[in-house]
Amino acid sequence: MDAIGRLWIVVLLLGITTPVFSHVTLDYPNGGEVFVTESTITISWHITISHNLLNWDLWYSTAGLGGPWIPIAMDLPAGSAAVGSVHTHDWTIPVEAASPTVWIRVRMDNSGTDYLDVNDGPFCVQSPAPNFVRGDTNGDETVDIADPIGLLTYLFASGFLPCLEAADGNDDGQVNVADPIHILAWLFAPGSPSPAAPFPDCAADPLPESVGCEASMCSP
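According to my numbering, numbering within the sequence shown proceeds without interruption in unit steps and concludes at 362.
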């Protein structure tokens, strides 16, 4: 077989083996980004080979490239079908998408063969840090005598505290008897140190510890 014949075979094989991930390119997010749930990001992609475009479909997966794929938006308007044209969609990330490895897939819906692309690597979606006022163990947004009483009840009787970080009055990474003592001292002994940040305003912990906080106790 001459060189021209071999060249045509190579071209033919390339045409057969070229994946359907080649006519549209997902630009953003493309791997390595970190987002939080309920924030809005702009997904963007562009056309690399033009077709008789009908519409666009978007999905995400937290289980890898094998799916399952969960719809983000289906049958988005086709827009321009020109090579290089950029398309976007604003996505408010649902709480269910929280995962260290998230993938997005875009599909170019055509009158003939459809084409796909996914991000080059996974990105991370985190749950937002909970907000609280340290020392406000009962979540009424006021640090008063009810808080150390509730904390002592939790420590020595029974009870449930939804945000142990709020109960960690001295911010030593533990919830123990030192915490109600710290709060009581601030309440009744002038000059005693206040609870550690976040205090007195509602916010996320600037130095999260390991005691945990299952839910926000307030809104900043």
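A virtual CB, placed ideally from N, CA and C, is assigned to each residue, including glycine.
Which residues does DSSP list as the beta-bridge partners of residue i?
i: Ser-203; result: Trp-245
i: Asn-197; result: Pro-219, Asp-251
i: Thr-230; result: Ser-186
i: Cys-355; result: Cys-305
Please state the DSSP three-state secondary structure of residue i.
i: Val-275; result: coil
i: Ile-191; result: coil
i: Leu-168; result: strand
i: Pro-337; result: coil
i: Thr-184; result: strand
i: Ala-346; result: strand
i: Thr-160; result: With a pLDDT of only 40 at Thr-160, under 50, the local geometry of the prediction cannot be trusted, and the value read off the model is given with reservation. In this structure, Thr-160 counts as coil in the three-state DSSP scheme.
i: Pro-210; result: coil
i: Phe-298; result: helix
i: Leu-155; result: In this prediction, Leu-155 has a pLDDT of 40, which is less than 50 and means its spatial position is unreliable; what the coordinates show is noted afterwards. The answer is helix: DSSP assigns Leu-155 an H, G or I state.
i: Pro-290; result: helix
Select from the options the residue whose C-alpha is nearest the C-alpha of residue i.
i: Cys-305; options: Asp-232, Ala-220, Asp-289; result: Asp-289
i: Pro-213; options: Gly-226, Tyr-296, Thr-234, Leu-195; result: Thr-234
i: Phe-302; options: Asn-280, Asn-318, Ala-320; result: Asn-280
i: Cys-266; options: Pro-342, Thr-243, Pro-322, Trp-328; result: Thr-243
i: Pro-362; options: Ser-253, Asn-273, Phe-330, Tyr-170; result: Asn-273
i: Gly-221; options: Asn-194, Pro-236, Pro-210; result: Asn-194
i: Gly-209; options: Ala-224, Pro-335, Arg-247; result: Arg-247
i: Thr-190; options: Tyr-257, Asp-199, His-324, Ala-320; result: Tyr-257
i: Ser-253; options: Val-225, Trp-198, Asp-278; result: Trp-198
Along the alpha helix (DSSP H) that carries residue i, what are the first and last residues, could you check?
i: Leu-126; result: In the structure as shown, the chain begins at 143 and stops at 362. Residue 126 is therefore absent and cannot be evaluated.
i: Thr-284; result: No alpha helix (DSSP H) holds Thr-284; DSSP gives it neither H nor E.
i: Ala-240; result: Unbroken run through Ala-240: none, as it is neither H nor E.
i: Leu-306; result: 306 to 309
Locate the beta strand (DSSP E) running through residue i, then write down its first and last residues.
i: Leu-258; result: 257 to 260
i: Val-267; result: 265 to 268
i: Val-176; result: 176 to 178
When you measure from the CB of residue i to every non-hydrogen atom of the ligand MG, does any distance come out below 7 Å?
i: Arg-276; result: Of the ligands one can find in the structure shown there are none, so the ligand MG has no counterpart to examine.
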